[in-house]
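Each residue of the sequence shown is one higher than the one before, counting from 13 in our numbering. Quick reminder that beta carbons are idealized off the backbone N, C-alpha and C, glycines included. One structure is given here, and the rest of the page talks about it.
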Amino acid sequence: MASTSSLGASSSTSAGVASSFYDSFTSRLAALSSAIEACPSADALPSLLTRITDARHALDAVTEALPARDRASHEARLRECTALLTRKRAALAPPTGFAFRRKAPAKAAAAKASSAETPQTVVPQPQCDGVSTAASSSSAHLSLSARTREHLTCLELAAIAPGADVHLFDLQDCLVDLRGSDASAPPAFAAMQLRRLRRCVVLLGSVAGAVMAHELQECLVLVECAQFRMHISQRIVVLLALHSPTSRATIEECSSIRFGALPVALRAGTTATTEEQAAVPAVQDFDFPGVPPGEESESWKRLDEAMAKEVAVRLLDEPSLDDSQQTLRLARVLPGESE
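Okay, here's the thing in structure tokens:
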């Protein structure tokens, strides 16, 4: 049993750590907020996001030594920095927005213009860590970032308006399930961006427009979308369905990529035939322009239908974080993974 003096010393040490961390962390976030506000261009945003991620890791490392009130204060300030970065990203975004956003039909645009309803200009803020929203003149944007070993679902996006763009940044060992509960409903999101994901299982459901993936490592992605583009990624398994049978996926600066057809059971309502549903979408590798679209290159191979179903069946019902990691381990040992 520890002596009274040792217990007192331990308590004093914890108080000292909390006090020192409070001062340093407050100064750190103040400097980070100033840097975000002064950010001159979108090129500087990744380094600022890294600073937010590092701050999150620093807070997690000492959280056990901090009083509950201090932890809540630090978490609130960190959320403010994340929201500030998201607003800065929207402010620095090109006027055209997302490069591959689906254009609204002319009739729909005319009907909307004649409507007496007042367009929404304010997007509610979800009350959860690492979730940020921003409103622009053309669309709503939502970002989930700086998460480690978490199960993220549509419940976290409940406050965002339908048709938003979603950005997933700096996730590690996470299960992201954004499929929604009604597979026959229209796509919930206009477009998706995935950046710097590590060892994640990502279930995106049906996306109306494009999905762009950058700097992914050892991930499993399941999605139905209009376009799929991936850059600078390694050891990725993609179960994919494209809205049009004439569309193709594109990759660049990638290696050890496996593409499979998204199983019928995981697809939203469609009029495609069984054969079309089972087909692996055509893939074009920009690193090998001499290889015709649809033919395998040194960077990617097809995933056979049986293996795609074996991977997907584990994710049909209500996958848990542990189940997703087991599925990911299965995906890593697919035939040809070491090539």
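For residue j and residue i, the rounded distance between their alpha carbons
{"i": "Leu96", "j": "Ala67", "result": "15 Å"}
{"i": "Ala220", "j": "Ala291", "result": "20 Å"}
{"i": "Ala222", "j": "Asp299", "result": "21 Å"}
{"i": "His179", "j": "Arg91", "result": "16 Å"}
{"i": "Met224", "j": "Val214", "result": "13 Å"}
{"i": "Glu310", "j": "Glu317", "result": "21 Å"}
{"i": "Leu206", "j": "Arg63", "result": "19 Å"}
{"i": "Tyr34", "j": "Val74", "result": "11 Å"}
{"i": "Ser126", "j": "Ser259", "result": "Because Ser126 sits at a pLDDT of 46, beneath the cut-off of 50, its placement in the model cannot be relied upon, and the point is left open."}
{"i": "Ser32", "j": "Arg89", "result": "17 Å"}
{"i": "Glu162", "j": "Asp334", "result": "10 Å"}
{"i": "Gly175", "j": "Ala77", "result": "42 Å"}
{"i": "Ala54", "j": "Ser45", "result": "16 Å"}
{"i": "Phe271", "j": "Ala253", "result": "10 Å"}
{"i": "Leu71", "j": "Ala43", "result": "16 Å"}
{"i": "Pro117", "j": "Arg83", "result": "Annotation note: pLDDT 46 at Pro117 (below 50); position unreliable, no value reported."}
{"i": "Glu49", "j": "Glu307", "result": "47 Å"}
{"i": "Leu315", "j": "Ser332", "result": "24 Å"}
{"i": "Glu265", "j": "Pro304", "result": "17 Å"}
Selected residue, minimal CA-CA separation from residue i, among the options
{"i": "Arg159", "options": "Phe181, Val213, Asp299", "result": "Phe181"}
{"i": "Ile263", "options": "Gln246, Ala273, Val276, Leu274", "result": "Gln246"}
{"i": "Glu61", "options": "Lys100, Ser32, Phe201", "result": "The question names Glu, yet the displayed sequence has Leu at residue 61. Ranking the options by Cα distance to Leu61, first place goes to Lys100."}
{"i": "Cys186", "options": "Gly217, Asp177, Cys231, Met224", "result": "Cys231"}
{"i": "Met11", "options": "Glu227, Val235, Ile248, Leu164", "result": "Because the chain is modelled from 13 through 351, residue 11 falls outside the range shown and cannot be assessed."}
{"i": "Lys321", "options": "Pro305, Pro301, Ala238, Leu274", "result": "Leu274"}
{"i": "Ala56", "options": "Ala84, Ser332, His69, Thr98", "result": "Thr98"}
{"i": "Met244", "options": "Leu252, Ala253, Phe37, Gln229", "result": "Reading off the sequence, residue 244 comes out as Ile, not Met. The candidate whose alpha carbon is nearest that of Ile244 is Gln229."}
{"i": "Leu41", "options": "Ala77, Pro52, Ser85, Arg241", "result": "Ser85"}
{"i": "Ile248", "options": "Pro257, Ile269, Met242", "result": "Ile269"}
{"i": "Lys313", "options": "Ala103, Gln296, Leu154", "result": "Gln296"}
{"i": "Cys93", "options": "Ala176, Ser157, Leu78", "result": "Ser157"}
{"i": "Gln239", "options": "Pro293, Ser155, Ser36", "result": "Pro293"}
{"i": "Phe37", "options": "His69, Ser155, Ala103, Glu308", "result": "His69"}
{"i": "Ala80", "options": "Ala30, Cys51, Ile48, Glu49", "result": "Ala30"}
{"i": "Glu227", "options": "Ala27, Ala261, Ser267, His255", "result": "Ser267"}
Residue i, enclosing alpha helix (DSSP H) - first and last residue
{"i": "His86", "result": "80-104"}
{"i": "Arg210", "result": "Where Arg210 is concerned, there is no enclosing alpha helix (DSSP H), although the beta strand (DSSP E) it sits in stretches over 201-210."}
Cβ distance (whole Å) where residue i is taken to contact residue j below 8 Å
{"i": "Val250", "j": "Val276", "result": "Going by Cβ atoms, the distance from Val250 to Val276 rounds to 17 Å, so no, they are not a contact pair."}
{"i": "Val188", "j": "Cys212", "result": "6 Å"}
{"i": "Leu209", "j": "Leu190", "result": "Their Cβ separation, rounded to whole angstroms, is 13 Å, which puts Leu209 and Leu190 out of contact at 8 Å."}
Span of the beta strand (DSSP E), counted from its first residue to its last, around residue i
{"i": "Ser218", "result": "213-218"}
{"i": "Asp185", "result": "Asp185 -> no beta strand (DSSP E), and no H or E assigned at all."}
{"i": "Leu164", "result": "163-165"}
Tell me the start and end of each unbroken alpha helix (DSSP H) in the segment 224-311 that is at least 4 residues and wholly inside, in chain order.
-> 286-290
What alpha helix (DSSP H) runs, 4 residues minimum, are completely inside the segment 30-84?
-> 57-74
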